[in-house]
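Respectively, the protein sequence lines represent chains A and B.
Our numbering puts the first residue of the first sequence at 1279, with every later residue one more than the last.
Our numbering puts the first residue of the second sequence at 1279, with every later residue one more than the last.
Note that the Cβ used here is the ideal one computed from N, Cα and C, for glycine as well.
Here the structure comes first, spelled out in structure tokens, and everything after it is commentary.
2 protein chains.
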Amino acid sequence: MAVESRGWVMKAYAESGRPTEDHLELRARRVATDAESIPDGQVAVQVLWVSIDPFLRSRMTGRLDGLSVDPYPLGQVITAFGAGRVINSKDENYTEGDIAIIPFCPVEEYCVLPSLSFRKVDASKGISPLEYLNALGVPGFAAWVGVHLIADPKAGENVFVSAAAGAVGMFAGQLAKLKGCRVVGSAGTDEKVNLLKDELNFDDAFNYNKETDFDVALSKYFPDGIDVYFENVGGEMLEAVLNHVNKRARIPLCGMISQYNQVWTERQGIRNLLNMVGKDVKMEGFMIGSHIHHFGDFAEDIEGYIREGKLVSKFKMNNGIESFLPSLVSLFSSSNVGKVIIEVNK
Amino acid sequence: MAVESRGWVMKAYAESGRPTEDHLELRARRVATDAESIPDGQVAVQVLWVSIDPFLRSRMTGRLDGLSVDPYPLGQVITAFGAGRVINSKDENYTEGDIAIIPFCPVEEYCVLPSLSFRKVDASKGISPLEYLNALGVPGFAAWVGVHLIADPKAGENVFVSAAAGAVGMFAGQLAKLKGCRVVGSAGTDEKVNLLKDELNFDDAFNYNKETDFDVALSKYFPDGIDVYFENVGGEMLEAVLNHVNKRARIPLCGMISQYNQVWTERQGIRNLLNMVGKDVKMEGFMIGSHIHHFGDFAEDIEGYIREGKLVSKFKMNNGIESFLPSLVSLFSSSNVGKVIIEVNK
């Protein structure tokens, strides 16, 4: 038995600018998902959800700078963090109906692959499988690594989170609040600013499209300076922050969404790094893969918070495999609230 | 009894560019150094040596950005790290003839001041008093903090030191060598490059005025990438390094000599900080004053190395109080080898 499966193929690299259908193409193929056709040790999967993360953009440049993630091989279906339903199994650990989290999930409707890196969703925990792509997935882990392992803020410290209504930003802010910090976020619309203050427990927030003089904004929202800056955007905002840091400030660099569509020589230069000397500032970049040995601690923390109702998750769900490309592009236009996921199959 | 004493007075701040006699003026005054004239608890000092350090430039800008050091008060004699001979004392801890290290030493020929922050040179240790302004002074401590406390390099790691023939750079390189690292330095003349390789035990060195394509140079000298970059210069070299860092590289920011004479908006922007994310790079600025609680450990380490003949110190000695201004300006022109000191009195 074979099903038709549409998937996104890397046709040509997009060195700069936003990727288009010149670079990514939705192609259909037939996938044999019956038990006889599956190799031993593999499973057939109906892909349910794919997590749309900024780092995917870096895999499409054909270069190794910046995030240093391997370029997608040309002519092949790309992969992303995702989840799927097992529809046939030749692997004793999986049976039909299991829901699996798939770190390198093909961005297509059906696939057959080894389950080596899968993580099975334990329904008895009562946690929505979608949460494994959000609070317990890439954005939650990125926020946790940046806040807990790198910034390690103390109660009462002043924490600034940029792109705070994005998937990572909202968890970073909430985790800092749970540590007793004063947390202020920046976001691109008034709707997001209200969400941060009203639903996500941020102490304050501002719309960077309205308060466009960042130096003035940071003076206003951080009269006592910034102790931790959770960096998601790069460019002008980072430069402004470096003029407002306190002694021994920490800046976990999670990503720089404003800079992903430029080659490095076109990116905005940061002119005031010398301030890091005078203020003993630490800036530390991180890829979550480098901290995977802490995943167990992270999951325990977050599952606890979820059970206690202490973490709010927001989703922006788009429908169908065809929504992958517009969903990815939307990450760079400040148009989403929370975690962007595409629902590939229901 | 009063002596004539010439000292450098801050006349006007030099926001950018090199300071001149428009900003600093050598003025003479009479200083009463006899016992009757000295207040209780104070000592009269004949200043012997003044350490010429780049951070002094930052105190002359009248601004608080960058190194965040207090501006020198206008109309007063400036201070620097120095040493002097006690010529009269109303302090029971000091007697005539003692040599004292003076962290905030007036840059003038004679002075009377409390000895609270003095450190007496213990002649029984057999260490030259001048060494307390070099290996055991500001440059030695800066190198030790950056190498030991921040970079913490492991044997076999690849360490790059810029301004390596400067006072801080030569100790940073030697300390990394003592930890078993492979160390390469950059400097501005062939003479300095030869010194680094022949006398200071560096594995290699290059002249950045000759090998001006830093990307090519770093590819050549670091075929296995850079694990630690001891940053003394800033600007173009830092940007080049960020394209050659290995996973988990550490970049202690000691200073950025190329950037001290510009206001921050005119400094060179670093465009490739995103590489820090992909490579899990840590960049950490430091002021030695923030690590003063480690001074004892530092002194023990360095005194041990000096006794064992494992550290080479180089000095550039200039004569007379009048040499202060040209000596300071010379720091920004790559014209010195080792620690620049002015000998105020013999």
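Item                                                                                                                                                                                              : Value
So is P1530 of chain B buried or exposed if we call it buried at 16+ other beta carbons inside 10 Å?                                                                                              : buried
If the cut is a Cβ gap below 8 Å, which residues of chain A does L1345 of chain B touch?                                                                                                          : L1552, V1555, G1556
Applying the criterion that 16 or more other CB atoms from any shown protein chain within 10 Å of the CB defines a buried residue, is H1659 of chain B buried or exposed?                         : The structure shown does not extend to residue 1659 of chain B, since chain B is modelled only from 1279 through 1624, so no value can be given for it.
Considering only residues of the same chain and omitting the five flanking positions on each side of K1592 of chain B, which have a CB-CB separation below 7 Å?                                   : M1448, V1615, G1616, K1617
Buried or exposed for E1544 of chain B, please, with buried defined as at least 16 other CB atoms from any protein chain shown within 10 angstroms of its CB.                                     : exposed
For the beta strand (DSSP E) containing W1327 of chain B, list its first residue and its last residue.                                                                                            : 1320 to 1329
Quick one: what's W1286 of chain B bridged to in DSSP?                                                                                                                                            : B:L1304
Going by beta carbon distance, what residues of the same chain come within less than 8 Å of R1308 of chain B, once the five residues before and after it are set aside?                           : A1280, V1281, E1282, S1283
Would V1423 of chain A and S1329 of chain A be called neighbours here (beta carbons separated by less than 9 Å)?                                                                                  : no
Please work out which residues of its chain come closer than 7 Å, Cβ to Cβ, to E1374 of chain A, disregarding the five sequence neighbours upstream and downstream, and give them in chain order. : V1364, I1365, N1366, S1367
Can you tell me whether DSSP reads R1549 of chain A as helix, strand or coil?                                                                                                                     : coil
Mark K1470 of chain B as exposed unless 16 or more other C-beta atoms lie within 10 angstroms of its C-beta, in which case mark it buried.                                                        : buried
Are the segment 1474 to 1487 of chain B and the segment 1395 to 1415 of chain B touching by the rule of at least three beta carbon pairs closer than 8 Å?                                         : no
Can the beta-carbon of L1552 of chain A be found closer than 9 Å to that of D1331 of chain B?                                                                                                     : no
Here's the rule I'm using: 16 or more other beta-carbon atoms within 10 Å means buried, otherwise exposed. How should A1518 of chain B be labelled?                                               : buried
For the 8 Å Cβ check, are there 3 or more pairs between the segment 1303 to 1318 of chain B and the segment 1554 to 1564 of chain B?                                                              : no
Is it the case that the Cβ atoms of K1397 of chain B and N1436 of chain B are separated by a distance below 9 Å?                                                                                  : The sequence given here places Arg at residue 1397 of chain B; Lys does not occur at that position. Against a cut-off of 9 Å, the Cβ pair of N1436 of chain B and R1397 of chain B comes out as no contact.
Label Q1320 of chain B either buried or exposed according to how many other C-beta atoms from any shown protein chain fall within 10 Å of its C-beta, with 16 as the threshold for buried.        : buried
Distance cutoff 9 Å, beta carbons only. Does W1542 of chain B sit that close to anything in chain A?                                                                                              : yes
What does the Cβ neighbour count give for D1505 of chain A, buried or exposed, with the cut at 16 atoms within 10 Å?                                                                              : buried
Report yes or no: is there a C-beta of chain B within less than 9 Å of the C-beta of E1562 of chain A?                                                                                            : yes
Measuring straight from C-alpha to C-alpha, what distance separates G1582 of chain B and I1379 of chain A?                                                                                        : 56 Å
Is F1625 of chain A helix, strand or coil by DSSP?                                                                                                                                                : No answer is possible for residue 1625 of chain A: it lies beyond the span of chain A, which begins at 1279 and ends at 1624.
Would you list, in chain order, the members of the segment 1370 to 1390 of chain A that have their beta-carbon closer than 9 Å to a beta-carbon of chain B?                                       : none
So I1548 of chain A contacts chain B; which residues on that side make the cut at Cβ distance below 7 Å?                                                                                          : G1547, I1548, L1551
Can you confirm whether N1521 of chain A, when its beta carbon is compared against all beta carbons of chain B, has any partner nearer than 9 Å?                                                  : yes
Taking buried to mean at least 16 other C-beta atoms within 10 Å of its own C-beta, is N1597 of chain A buried or exposed?                                                                        : exposed
Please list, in chain order, the chain B residues whose beta carbon lies closer than 8 Å to that of P1512 of chain A.                                                                             : This sequence places Gly at residue 1512 of chain A; Pro is not what is there. Here the neighbours are L1551, L1552.
Under DSSP, the alpha helix (DSSP H) around F1602 of chain A begins and ends at which residues?                                                                                                   : 1602 to 1608
When DSSP builds the beta bridges, which residues end up paired with S1464 of chain A?                                                                                                            : A:F1484
Of the residues that make up the segment 1566 to 1578 of chain A, which ones have a beta carbon closer than 7 Å to any beta carbon in chain B?                                                    : S1568
Hey, which unbroken runs of the alpha helix (DSSP H) at 4 residues or more fall wholly within the segment 1472 to 1517 of chain B?                                                                : 1492 to 1499
Just the Cα atoms here: how many angstroms apart are Q1540 of chain A and F1508 of chain A?                                                                                                       : 22 Å
Applying a beta-carbon distance threshold of less than 7 Å, which residues of chain A neighbour L1496 of chain B?                                                                                 : Going along chain A, no residue has its Cβ under 7 Å from L1496 of chain B, so there is no contact; the nearest lies around 14 Å.
Going by alpha carbons, who is nearest to K1403 of chain B out of B:S1612, B:D1575, B:I1584, B:G1353?                                                                                             : B:I1584
Just the Cα atoms here: how many angstroms apart are L1304 of chain A and S1605 of chain A?                                                                                                       : 14 Å
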